[in-house]
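Its first residue numbered 5, the sequence shown is counted upward by one per residue in the numbering used here. Virtual Cβ for every residue (Gly too), placed ideally from N, Cα, C.
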Amino acid sequence: GEYSHRVTVKGGDELSQLADEFNELTGRLQTTEEVRRRFVSDASHELKTPLASIRLLTDSILQADHMDSETAREFLVDIGDEAERLTRITEKLLTLTRLDTAHPTQTEPVDVKEVVERVEHMLTPLAGAAEVELRLRLQPGCVVKATKDDLYQVAFNLMENAVKYNLPGGKVLVTLSRWGDQVVLTVEDTGVGIPQEDLPKVFDRFYRVDKARSRAAGGTGLGLSIVRDMVRQHGGTVSVQPREPEGTCFTVRFPIWTERGEETP
Ligand code: ADP
């Protein structure tokens, strides 16, 4: 490939150390390049699918000898749905690109409790329709330095998934607490769960355990990668654990913001 410039140096401690470092760096560049190429290829594939559907539906209308207006209407609704799907994918791709290139801007001290309560408010209709109970147990005073919109997006993606991948009569519990110098947010559900072997992959771009279910719920497989990138950008971590006896629990940890911390250089 383009990065096949390995250097071999015999003897000379410093020089061979330098060669090792060079080779290690080259390896890392290669990995980054591979990840990038894979991403572009995956993204193109994801965009091609709805585009192919639109093409097919359009042809069906155009080539039909005669089509009653009811059928034509159904096809047009499908075309509209596919167009909406394309919009969702491109919006998320743009978000990921922004997270890749820019550092968080406009950070401010944000009370996570207020953000979670806002997300709950927005998800109430969805939870109602899915017959899923949303419960919050939020400690006040959990403040982090963050871009407010990003924090909202993190909480929204996790809580929306907890509702989407749930079952009628199921529950979602969101807790917020302070542990030493960390703010800990957990989103726990009694839903369909994630098989053990899929757990490490759910944060990957475009990864979906159940493609049909994700698609039916309007998913893109990008929500959790956005969560991971946003959390990392804010100096936090996110992890996933299976919940006993069923369901899933996501845990997000952020460094806490304190006024005292702000004063010390
Ligand atoms: P999607 O747009 O498909 O929801 P995400 O990146 O948000 O994409 O999630 C990736 C996949 O992880 C989902 O398709 C789903 O299979 C699985 N998943 C995410 N959250 C949950 C959850 N709370 N319970 C069960 N499965 C989940």
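About 7 Å separates the CB atoms of L228 and N161; that is less than 8 Å, so the two are in contact. Non-local C-beta neighbours of G239 in its own chain, meaning closer than 6 Å and more than five positions away in sequence, comprise P259, ordered along the chain.
Nearest Cα to E201 within the set R209, V213, E192: V213. Around T255, the same chain offers T190, S243 as residues with beta carbons nearer than 6 Å, after the five sequence neighbours per side are excluded.
For the 8 Å CB-CB criterion, F207 and R232 form a contact. DSSP places D193 within a strand segment (E or B) once states are collapsed to three.
Under the DSSP definition of a beta bridge, K175 partners with E137. In the three-state DSSP reduction, E112 falls in the strand class (E or B). Inter-residue distance for G16 and D24 is about 12 Å (C-alpha atoms, whole angstroms). As far as DSSP is concerned, K215 takes part in no beta bridge. A Cβ-Cβ separation of about 6 Å places T224 in contact with R92 under the 8 Å criterion. When the alpha-carbon of R182 is set against those of L60, K117, I65, Q157, the nearest one is in K117. For the options F79, E137, K149, the alpha carbon positioned closest to that of D193 is the one of E137. Short of 7 Å from the beta carbon of A47, and not among the five residues preceding or following it, lie these beta carbons of its own chain, in chain order: L97. For G227, the shortest C-beta to heavy atom distance toward the ligand ADP is below 7 Å.
When secondary structure is reduced to three states using DSSP, R257 falls in the strand class. For S73, the Cβ stays outside the 7 Å cut-off from all heavy atoms of the ligand ADP. Excluding five sequence positions before and after D115, the CB atoms of its chain that fall closer than 6 Å to its own CB belong to V147, given in chain order. Residue pairing of L180 in beta bridges, as defined by DSSP: L142, L189. Nearest to E78 by alpha-carbon distance, out of S218, I58, V123, P204, is I58. Taking C-alpha positions only, E74 is separated from A68 by approximately 14 Å.
Burial state of K52 is exposed, judged by a 10 Å Cβ sphere holding fewer than 16 other Cβ atoms.
By the neighbour-count definition (other C-beta atoms within 10 Å, threshold 16), I65 is an exposed residue.
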